[in-house]
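Undergrad: Have a look at this one.
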Amino acid sequence: MSVTQAGHAPARARASKRAARDQDPRRTAARSGIPREPDPGEPWPKRMLTSKLFWLSVVMLLVYATCLVLLYRQVVPDRQVPGGKLLGLGTEAIPLAAKYAAVTAIPLSLVFLWADRFRPQRFWIWLMTFGWGACVATFLSAQINSWAASHLSILGDGDPATGARAAIYVAPFVEESTKATVLFWLAILMRYQWVSRLSGIVLAGLSATAFAFVENILYYGRVYRYAAQTFGEVEPEQALQSLFKLRGLMTFFGHPLFTSMTGIGLAVALRSKSKVVRVVAPLAGFCAAAFLHMSFNATATLVSGPSLLFMYLGVAVPAVVALTVFVVRQLFREGRLIRERLTDYVRLGWLPEGDPRDLSRLRTRTKALWHALFLGPAVFLDTIRMQRAMTELAYLRDAMTRGLVDRAGLAREKVLLSRVRSLRGSAVLHPTGRASYPQFRKPAFLDRNDTAGAAWAPPNYPGPAGIGGNFPAPGAPQPGSAPLGQAATQYSEVDPSWKPPGQ
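Our numbering puts the last residue of the sequence shown at 626; the count rises by one with no breaks.
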């Protein structure tokens, strides 16, 4: 062997190892973001303890708890700040403020979860997103806003974050950054699950709703405490209700509307093959969110009177209506996408013809779940698994046609088709008629068709009923057939030869 050949041998060995490593199914699946299929033979405690997502969730829960405790210690007790005394919330105001803040947070969260219907995320993803907005985003925003506002030499009522310039130039960028950080983390960890713009809107809305929930607690508690300390001007709960009408009813859509722009930008980037779009779309979404937030704060700070009402009715409300219409259109669009992609498998003969139509309609999917609910827990769970597998199959096909998933998608496709085949016999896919509602038996004393006494013959004696008789007697006219009134009196025929005995 020559020296040149000996020098090329290690290079060829490294190239062959690299090629073998690239052919590893697990590595190719991870490169496309496809999750690893759990081994059904392993017990669930082992699968949970060996899962990276489980330990990441444990770490994040600890981080959430730490941030919440630190924020509590910062805002509840009274503190001395440059320029005066900053009143804390106090333990009395927190339960009342939380109750008013929940009036907005709970319905908003349910609306966002309802919108994520075709391919809903796992519960732990919803929990992590909500926890980030409620704990981490609020804590970091409070620290950075106060630090940045103090460096701008803003004079306020003791709180350096109360100046107008901080609300306009600092808060929008800080708060949108902290709320959207969890979205970027989720985009890296679970980009395979981000299948549509609805996914971005739902996750962004949950983070923003949680942020607004804790922020409203701070605002409500602060105004309650201030009114309690100012005697004779206004009742504390009345002041809280006035602020609740403004923040909780009229402008409750603010934070979800802003952060949804970042979620839409991330979703566009993840569903595009262009590198330029993948870079520009998230930045454009974040800039749109910060601009909307800045415009909202500037309007609320600098505009008052009829001009404020005009901005509210002419700009804010149409923006919310536009986002609502966009979400509804996306629901119909995702239904059409699922129907078209599943039709590809129908043409190949791998799925029946009725599957694309029924699985692309939300009403039919909901009806199938309702029918399965009354057929037992096993059928209900199999129906859920069937719908999730078919939906993932449609979005996987769409990703493969877009070039977002390489040949690793073929292996995942086979797994999903095998799962669909195994679940088809037990799951409900094409609901017809009424659901199999449970039948409740009547008590014996309420059953009019009870024939327990049919062996006893009814009384058959002439005379009034109740004294051993049966009126009318057998053979007599039935009730309703005899005439009424004087015509009802009948006399027997007179025998002219009748006479008393012995005469």
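Glycine is no exception: its CB is placed at the ideal position from the N, C-alpha and C atoms.
Model, not experiment: these values are computed from the prediction.
Going straight from the alpha carbon of W255 to that of W237, what length do you get?
TA: In a straight line, the C-alpha of W255 is about 20 Å away from that of W237.
Undergrad: What is the DSSP secondary structure of D282, counted as helix, strand or coil?
TA: Any reading at D282 needs caution, since the residue's pLDDT is 48, under 50, leaving its predicted position unreliable; the model's value is listed next. Looking at D282 - three-state DSSP - the assignment turns out to be coil, as it is neither helix nor strand.
Undergrad: In terms of residue numbering, what span does the alpha helix (DSSP H) encompassing Y349 cover?
TA: Run containing Y349: R320 to Q352, per the alpha helix (DSSP H) assignment.
Undergrad: In terms of residues, what are the limits of the alpha helix (DSSP H) holding C410?
TA: Unbroken alpha helix (DSSP H) run through C410: K398 to L425.
Undergrad: Output the distance between the C-alpha atoms of V318 and H274, rounded to the nearest integer angstrom.
TA: Each residue's alpha carbon lies about 42 Å from the other.
Undergrad: Terminal residues of the continuous alpha helix (DSSP H) containing V181?
TA: K175 to V198 is the span of the alpha helix (DSSP H), which, as asked, contains V181.
Undergrad: Where does the unbroken alpha helix (DSSP H) through I267 begin, and where does it stop?
TA: Looking at the DSSP string, the run of the alpha helix (DSSP H) that includes I267 is T261 to H274.
Undergrad: Note down the Cα distance separating S269 from L369, rounded to an integer number of angstroms.
TA: Taking the straight line joining both Cα atoms gives about 24 Å.
Undergrad: Residues in its own chain within less than 6 Å of S180 by CB, not counting five upstream and five downstream?
TA: Cβ neighbours of S180 beyond the five flanking positions: W247.
Undergrad: Should the stretch 215–228 be regarded as contacting the stretch 346–362, the criterion being three or more beta carbon pairs within less than 8 Å?
TA: The stretch 215–228 is in contact with the stretch 346–362.
Undergrad: Exposed or buried, which one is T555 when buried takes at least 16 other CB atoms within 10 Å?
TA: Burial call: exposed.
Undergrad: On the DSSP letters alone, give me the boundaries of the alpha helix (DSSP H) that D201 sits inside.
TA: Careful: D201 lies outside any alpha helix (DSSP H) and carries neither H nor E.
Undergrad: Please go through the same chain and pick out, in chain order, the residues whose beta-carbon is closer than 8 Å to the beta-carbon of P475, but skip the five residues on each side of it.
TA: Correct list, in chain order: V469.
Undergrad: For S330, count the other beta carbons within 10 Å of its own beta carbon; 16 or more makes it buried, fewer makes it exposed. Which is it?
TA: With 16 or more other Cβ atoms within 10 Å, it is buried.
Undergrad: Buried or exposed, going by whether 16 or more other CB atoms sit within 10 Å of the CB of D478?
TA: Buried.
Undergrad: Can you grab the Cα-Cα spacing for the pair M417 / A290, in whole Å?
TA: If I take the Cα positions, the gap works out to 8 Å.
Undergrad: Who are the near neighbours of S483 in its chain, counting only those whose CB is closer than 6 Å to its CB and skipping five residues on each side?
TA: Counting only Cβ-Cβ distances below 6 Å, and skipping sequence neighbours, we find G458, I461 and R462.
Undergrad: Using the C-alpha atoms, what's the distance from L309 back to G548?
TA: Between G548 and L309, the C-alpha separation is close to 35 Å.
Undergrad: Give a yes or no on contact between the stretch 380–397 and the stretch 438–456, applying the rule of three or more CB pairs nearer than 8 Å.
TA: They touch, by the three-pair rule.
Undergrad: Would you be able to state if there are at least three C-beta pairs under 8 Å between the stretch 229–244 and the stretch 510–525?
TA: Yes: at least three Cβ pairs fall under 8 Å.
Undergrad: Take the Cβ of M523 as the centre, count every other Cβ of all protein chains shown within 10 Å, and call the residue buried at 16 or more, exposed below.
TA: M523 is buried by the Cβ-count criterion.
Undergrad: What would DSSP say about A605, mapped onto helix, strand or coil?
TA: Caution is warranted here: a pLDDT of 49 is assigned to A605, below 50, making its placement in the model unreliable, and no coordinate value can be reported.
Undergrad: Return helix, strand or coil for A575, following the three-state DSSP convention.
TA: Bear in mind that a pLDDT of 49 at A575, under 50, signals an unreliable position, so the model cannot answer this.
Undergrad: Mind checking K302: buried by the 16 CB within 10 Å criterion, or exposed?
TA: Result: buried.
Undergrad: R401: which of V182, I311 and D521 sits nearest, CA to CA?
TA: When each option's Cα is compared against that of R401, the closest is I311.
Undergrad: On the CB-based measure, 16 or more other CB atoms within 10 Å of its CB, does R488 come out buried or exposed?
TA: Buried, since its Cβ has 16 or more Cβ neighbours within 10 Å.
Undergrad: For A352 and K208, what's the separation of their Cα atoms in angstroms?
TA: Correcting the residue type first, residue 352 is Gln in the shown sequence and not Ala. Rounded to the nearest angstrom, the two C-alpha atoms are 13 Å apart.
Undergrad: For the alpha helix (DSSP H) that F253 lies in, which residues bound it at each end?
TA: Its alpha helix (DSSP H) spans residues F246 to G254.
Undergrad: Comparing C-alpha positions only, which one of A421, K398 and F381 sits nearest to G408?
TA: With distances taken between Cα atoms, G408 lies closest to F381.
Undergrad: Excluding the five sequence neighbours on either side, which residues of its own chain have a C-beta within less than 6 Å of the C-beta of H494, listed in chain order?
TA: Same-chain partners within the cutoff: V551, P554 and A558.
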